[in-house]
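Number of protein chains: 2
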Amino acid sequence: MPRPPTNRRRSFSAPTIDDVAQAAGVSTATVSRALNSPDQVVPETRNKVMQTVAKLGYAPNFGARAMAAKRTNTIGAIIPTMENAIFARGLQAFQEELGRNQFTLLVASSSYQTKLEDEQIRTLLARGADALLLIGFARSQTAYQMLHARQIPAVVAWSYREDAPVPSVGFDNKSAMRELTDAVFEHGHRRIAIISAPTTDNDRAADRVEAVLQAARAGGLERADIPIIETPYSIDNGARAATDLLHRVKRPTAIICGNDVLAVGALKAAKSFGIKVPQELSITGFDDIELAQIADPPLTTVHVPHREMGRLGAKLLLELLDGQGALPGRELKTRIVFRESLGPAPK
Amino acid sequence: MPRPPTNRRRSFSAPTIDDVAQAAGVSTATVSRALNSPDQVVPETRNKVMQTVAKLGYAPNFGARAMAAKRTNTIGAIIPTMENAIFARGLQAFQEELGRNQFTLLVASSSYQTKLEDEQIRTLLARGADALLLIGFARSQTAYQMLHARQIPAVVAWSYREDAPVPSVGFDNKSAMRELTDAVFEHGHRRIAIISAPTTDNDRAADRVEAVLQAARAGGLERADIPIIETPYSIDNGARAATDLLHRVKRPTAIICGNDVLAVGALKAAKSFGIKVPQELSITGFDDIELAQIADPPLTTVHVPHREMGRLGAKLLLELLDGQGALPGRELKTRIVFRESLGPAPK
DNA sequence: TTTGACAGTGCAAGCGTTTACATTTTATTT
DNA sequence: AAATAAAATGTAAACGCTTGCACTGTCAAA
Chain A
116 MPRPPTNRRR SFSAPTIDDV AQAAGVSTAT VSRALNSPDQ VVPETRNKVM QTVAKLGYAP
176 NFGARAMAAK RTNTIGAIIP TMENAIFARG LQAFQEELGR NQFTLLVASS SYQTKLEDEQ
236 IRTLLARGAD ALLLIGFARS QTAYQMLHAR QIPAVVAWSY REDAPVPSVG FDNKSAMREL
296 TDAVFEHGHR RIAIISAPTT DNDRAADRVE AVLQAARAGG LERADIPIIE TPYSIDNGAR
356 AATDLLHRVK RPTAIICGND VLAVGALKAA KSFGIKVPQE LSITGFDDIE LAQIADPPLT
416 TVHVPHREMG RLGAKLLLEL LDGQGALPGR ELKTRIVFRE SLGPAPK
Chain B
116 MPRPPTNRRR SFSAPTIDDV AQAAGVSTAT VSRALNSPDQ VVPETRNKVM QTVAKLGYAP
176 NFGARAMAAK RTNTIGAIIP TMENAIFARG LQAFQEELGR NQFTLLVASS SYQTKLEDEQ
236 IRTLLARGAD ALLLIGFARS QTAYQMLHAR QIPAVVAWSY REDAPVPSVG FDNKSAMREL
296 TDAVFEHGHR RIAIISAPTT DNDRAADRVE AVLQAARAGG LERADIPIIE TPYSIDNGAR
356 AATDLLHRVK RPTAIICGND VLAVGALKAA KSFGIKVPQE LSITGFDDIE LAQIADPPLT
416 TVHVPHREMG RLGAKLLLEL LDGQGALPGR ELKTRIVFRE SLGPAPK
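Chains A and B are the protein sequences, given in the same order. Going by the numbering used here, the residue at position 229 of the first sequence is 344; the numbering climbs one at a time, nothing skipped. Going by the numbering used here, the residue at position 165 of the second sequence is 280; the numbering climbs one at a time, nothing skipped.
Structure follows, in structure tokens:
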């Protein structure tokens, strides 16, 4: 029992370019052109096509388009986790800038695992990402090779280095943290401790810890004098780490935290032991997220322009895709925000 | 100058299934099977293929696969915004559950705009999403029609209704807020005000406001007695709205906020005017995000199990894809968390 | 009128997979 | 050893789109 081969009603599937072409009485090529390069098509035809498109609710199948055109106007981003407000914020700005340029964002998260990131890169490329946004420089050799071999434009955000394998947009975590530590020293603190996010596969965290140690050495302290606790990003972990530190025999007078979330946890712990901040203990953060202002007392921290970074990352990537050769990237300025959590060292 | 047509080196593009087949000395069909249904292939061959795949760093082109197989193991989610911690959190859990089942997540954000959401739905479907996670019930007729016409499984999260057009996993915003409002009344408050997120296209926000008004009526108040300010989600907006309310002639003794972020803003405003919370003013939130515990004083709020919701949403969707007919969805329980921001009404 | 030049449109190849169906190989039974 | 069944593999046709090339018609210049 033969059926007409064309125009068969594939029940329940999206309308195709054929459906549109047929309904509009033109060829698929014309439909495609009306959509992708409107000025190659005479207005009358174009309108007819557009109306049909609207009527049928047609949207080009992405996979098919990617295969035929070899580009997707899609940019992939791999962030460690969505739950960290700083990434969420930067990514939102990133996405907005892409949107303004008719690009779409594809997000994956790596949970701070190098191995997972390799896989995500492959996945995003297989999905047709034209370019990639990555966080920080710490990643496998394979990853860099892959990007290089396939000539995929990539930009690193949240870290900046002049001599980097890929252009970067970010700030110098080291100098920012050194400056903050100097300020802590100027307040007379000599017993300091560090609470940091895990530093493996996280160059931002590592740089910050390193900077504190360097500044401390300049201030005459030994590396061994400074307790360091590494713990994953969360208020409770910050509180636990601080609890540990505050029960040691030589209690620190200042705790320098790798980010605001850990710092807020430390604040919470101090409060629970009745230790007054900043009179008896100073605490600093990093990032300047909203939490930092709300904390009691408000946090002294390093302000990072996350939104700006996302926006610039997008711009840089789009420029790279436009073939504008080797752009160096862009360094952003951070600044210390002094609030009440940092005070003079107690006698 | 003729070149061999096969095995030509398309410079800089990802390895294809042909490359793998050739290198492994088998047909593309075998490679495909080794990857997708390993037990249809004899172990020896399978290993050979797998090794080649690893060596070449091959990942199947997603678009091509979607086109040929008509399913993608991809689920799309459209959330209002990533910047809202509650969605970020729920989505993370959603993603984790999908990952456990070899599914991938595709995220889009609608910025609370119905029109944009329609477009995003089309985009996600064009990109091959097998099913969709949506937030709340408020959306265009078109959207529902589209889902229905194409038989796309969808689940609504963050709201629950028995008689919904699609299964939902969430909680009853109205009864939760009514309960909270009752508690406020029991503390003796009679001059209350509302700060809410914009209620257009946001049934959660609308339900919460409605619930306050209902509870207030039950307590003998007129609708007109209760000032309502709608303002977008941000601490500063919450502060501004509270500032406005606190300068009115009949200053409220309790401000009920649609979410924790607005409530924290209100808290901030009160503090800046030297108004003591809860002695002179009570403030409540909704969601119970971390901010609520950190706030000073800590917020009385409604605890919502965001992670649980994300996880269940994923489960429900996967069940639907498995063809398990009309599942009703799942209602989650919320509970009020009493903290210090709610106190007895001042004389 | 003829001739180009050119704008608008159509034809059909190819993008990288999956999967019926066909074919070959292997194992089992006689 | 032959016959048969079952398992493994190969062949080739879709899937829905873009785009080089070919074609048709229009208009201006010769």
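Idealized CB from N, CA, C, for every residue including glycine.
Gly438 (chain A) versus Gly380 (chain B) - alpha carbon distance: Rounded to whole angstroms, Gly438 (chain A) to Gly380 (chain B) spans 45 Å at the Cα level.
Assigned secondary structure, Leu206 (chain B) (DSSP; H/G/I helix, E/B strand, else coil): Here Leu206 (chain B) sits in helix by DSSP.
Separation of Met182 (chain B) from Pro130 (chain B), as counted between CA atoms: 18 Å
Length at least 4, wholly inside the segment 221-252 of chain B: the alpha helix (DSSP H) runs in chain order: 229-241
Test: Lys230 (chain A) CB closer than 9 Å to a CB of chain B: Chain B, which has no Cβ nearer than 9 Å to the Cβ of Lys230 (chain A), makes this no.
Secondary structure, beta strand (DSSP E): runs of 3+ residues fully inside the segment 297-357 of chain B: Complete beta strand (DSSP E) runs here, min 3: 307-311 and 343-345.
Any chain A beta carbon closer than 9 Å to Ala356 (chain B): no
Inter-residue Cα distance where the pair is Thr121 (chain A) and Arg265 (chain B): Reliability fails at Thr121 (chain A), whose pLDDT of 34 lies under 50, so the model's placement of it is uncertain and no value is given.
Simplified DSSP assignment, three categories, for Asp362 (chain A): Correcting the residue identity first, residue 362 (chain A) is His in this sequence and not Asp. His362 (chain A) falls in the coil class under three-state DSSP.
Chain B within 9 Å of Ala203 (chain A), Cβ atoms only: yes
Under the three-state DSSP convention, the category Gly425 (chain A) falls into: Here Gly425 (chain A) sits in helix by DSSP.
Any chain B beta carbon closer than 9 Å to Ser128 (chain A): yes
Contact with chain A by Phe252 (chain B), beta-carbon distance below 9 Å: Not closer than 9 Å to any Cβ of chain A, the Cβ of Phe252 (chain B) fails to qualify, so no.
Beta-carbon contacts of Leu239 (chain A) that lie in its chain and below 8 Å, excluding the five residues immediately before and after: Gly191, Ile193, Leu221, Ala223 and Leu247
Spatially closest choice to Ala225 (chain A) from A:Gly205, A:Arg215, A:Asn216 and A:Ile250, by CA coordinates: Reading off the sequence, residue 225 (chain A) comes out as Ser, not Ala. Considering only alpha carbons, the answer is A:Ile250.
Val452 (chain A): contacting residues in chain B (beta-carbon distance under 8 Å): The premise fails here: Val452 (chain A) is roughly 16 Å from chain B at the closest Cβ pair, so nothing lies under 8 Å.
Supposed contact pair Ala269 (chain B) and Thr296 (chain B) - C-beta distance, whole angstroms, cut 8 Å: So it is not a contact: roughly 32 Å between Cβ atoms.
Arg306 (chain B) beta carbon near the ligand PLP (any heavy atom closer than 8 Å): This structure does not include the ligand PLP; it has no bound ligands of any sort.
DSSP beta-bridge partners of Val452 (chain B): Its beta-bridge partners are B:Thr416.
Among B:Ser255, B:Phe209, B:Lys170 and B:Ala279, the one whose alpha carbon lies nearest that of Thr257 (chain A): B:Lys170
Proximal residues of chain B, C-beta to C-beta of Gln394 (chain A) below 9 Å: Those do not exist, as Gln394 (chain A) stays about 17 Å from chain B at its closest Cβ, beyond 9 Å.
Rounded separation between Thr229 (chain A) and Ser255 (chain A) - CA only: Those two C-alpha atoms are separated by around 6 Å.
Residues of the segment 234-246 of chain B with Cβ closer than 8 Å to any Cβ of chain A, in chain order: Arg237, Thr238, Leu240, Ala241, Arg242 and Gly243
Which residues DSSP lists as bridging Arg390 (chain B), in chain order: Rather than Arg, the amino acid found at residue 390 (chain B) in this sequence is Ile. Paired residues: none, contrary to the question.
Chain B contact for Ala312 (chain A) (CB, 9 Å cutoff): Under the 9 Å criterion on CB atoms, Ala312 (chain A) is classed as non-interfacial with respect to chain B.
Residue-chain proximity (Asp402 (chain A), chain B), Cβ-Cβ < 9 Å: no
7 Å Cβ shell around Asp65 (chain B) - same chain, five flanking residues per side excluded: Summary: the structure shown does not reach residue 65 (chain B), with chain B confined to residues 116 through 462, and so no result is reported for it.
Beta-bridge partners of Glu102 (chain A), as assigned by DSSP: The first residue shown for chain A is 116 and the last is 462, placing residue 102 (chain A) beyond what the model contains.
Pair within 9 Å by beta-carbon distance, Ala369 (chain A) and His302 (chain A): Taking 9 Å as the Cβ cut-off, Ala369 (chain A) and His302 (chain A) qualify as a contacting pair.
For Ala184 (chain B), the first and last residue of its enclosing alpha helix (DSSP H): Here the alpha helix (DSSP H) through Ala184 (chain B) covers Phe177 to Ala184.
Buried or exposed (CB count within 10 angstroms, at least 16 for buried), Ala339 (chain A): exposed
Proximity of Leu396 (chain A) and Ala407 (chain A) at Cβ, strictly below 9 Å: No, the pair does not count as a contact, with Cβ atoms beyond the cut-off.
Proximal residues, the segment 130-143 of chain B versus chain A, C-beta separation under 7 Å: none
Proximal residues of chain A, C-beta to C-beta of Glu405 (chain B) below 7 Å: Ile350
Beta-carbon contacts of Arg161 (chain B) that lie in its chain and below 7 Å, excluding the five residues immediately before and after: Ala149 and Pro153
Partner residues on chain B for Phe388 (chain A), Cβ-Cβ distance less than 8 Å: Ordered by position in chain B, no residue passes the 8 Å Cβ test against Phe388 (chain A), which lies about 17 Å from the chain.
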